[in-house]
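What follows is a single structure, written as structure tokens, with notes after it.
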Amino acid sequence: PPDAAPALGSRNWEMRFEVERPTGSEGGVLLAFGTVNNGLVAFIDGGGHLVYDHNAYSNHTVVRSPQPVPAGLCVLEVHQERVRRGPGRARLYVDGVPSGAVMIPEIPTMISPVGMDLGRNPTGVAGDYEAPFEFAGRLIRVDVATSRAFRDDEEAAIELAAAEQMQ
879 PPDAAPALGS RNWEMRFEVE RPTGSEGGVL LAFGTVNNGL VAFIDGGGHL
929 VYDHNAYSNH TVVRSPQPVP AGLCVLEVHQ ERVRRGPGRA RLYVDGVPSG
979 AVMIPEIPTM ISPVGMDLGR NPTGVAGDYE APFEFAGRLI RVDVATSRAF
1029 RDDEEAAIEL AAAEQMQ
């Protein structure tokens, strides 16, 4: 349920996944939030690449690591930060090394009422796999940290700019 999941839409956040992929061929969903209509998902695709898909009302913004995730134990991270009201930026890290970034045109305030799943995605947030796309490796630990997206003065400046545009 969404009440048991962190509020991601209006906040900056960092997800950290400790995973084990013994052969390097194991793929699947690490974390999914939402549905085919609106949500986000971090997964390892069939080629072994870390992928983050931000689905804002069926408008997908995707970033994929240029190199496959190494076999064995590794730490994968997805960071998302709002750059102002509306857009944001997502970054991927593989064992602490920057591994891709993308600007997201629109980040909804509420991701989805459906909630979060770990290791699988029964609702099919991304179109790049067939749900539930269970993770075939071992998901050892998942950490999600959120922080406030804007300081009070930044929020005031954004609201003032929006009000001026309406006049």
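The opening residue of the sequence shown carries number 879 in our numbering; numbering runs sequentially from there.
Where is the CB? At the ideal position from N, CA and C, for every residue including glycine.
Whole angstroms are fine: how far does the CA of residue j sit from the CA of residue i?
i: G926; j: V1022; result: 22 Å
i: L886; j: F921; result: 17 Å
i: P948; j: V919; result: 20 Å
i: P991; j: N916; result: 10 Å
i: G974; j: L954; result: 8 Å
i: I985; j: Y935; result: 10 Å
i: H938; j: D1006; result: 11 Å
i: G978; j: V940; result: 10 Å
i: I1018; j: G997; result: 10 Å
i: M988; j: E892; result: 17 Å
i: R962; j: A968; result: 13 Å
i: E904; j: A1027; result: 34 Å
i: G906; j: S888; result: 27 Å
i: N999; j: F895; result: 16 Å
i: N933; j: C952; result: 26 Å
i: D931; j: R942; result: 9 Å
i: F1013; j: L928; result: 12 Å
i: P944; j: V972; result: 11 Å
Go ahead and label residue i buried or exposed: buried means 16 or more other beta carbons lie within 10 angstroms of its beta carbon, across all protein chains shown.
i: R899; result: buried
i: T901; result: exposed
i: G924; result: exposed
i: G1002; result: buried
i: L970; result: buried
i: S1025; result: exposed
Among the options, whose alpha-carbon lies nearest the alpha-carbon of residue i?
i: G1015; options: R960, P946, G950; result: G950
i: H957; options: P884, N890, Y1007; result: N890
i: L908; options: T1024, S943, V1020, A1027; result: V1020
i: V980; options: R960, I989, S1025; result: R960
i: M994; options: T913, V897, S888; result: T913
i: A1009; options: P884, V897, A910; result: A910
By DSSP, does residue i sit in helix, in strand, or in coil?
i: T987; result: coil
i: D923; result: coil
i: A885; result: coil
i: G950; result: strand
i: E959; result: strand
i: T1024; result: strand
i: N916; result: coil
i: F895; result: strand
i: D995; result: strand
i: D973; result: coil
i: D931; result: strand
i: F1054; result: This structure cannot settle anything about residue 1054, because the visible part of the chain is limited to 879 through 1045.
i: A1004; result: coil
i: G905; result: coil
Would you mind giving the Cβ-Cβ distance between residue i and residue j, rounded to the nearest angstrom? I have them listed as a contact below 8 Å.
i: P976; j: P965; result: Not confirmed; about 20 Å, so no contact.
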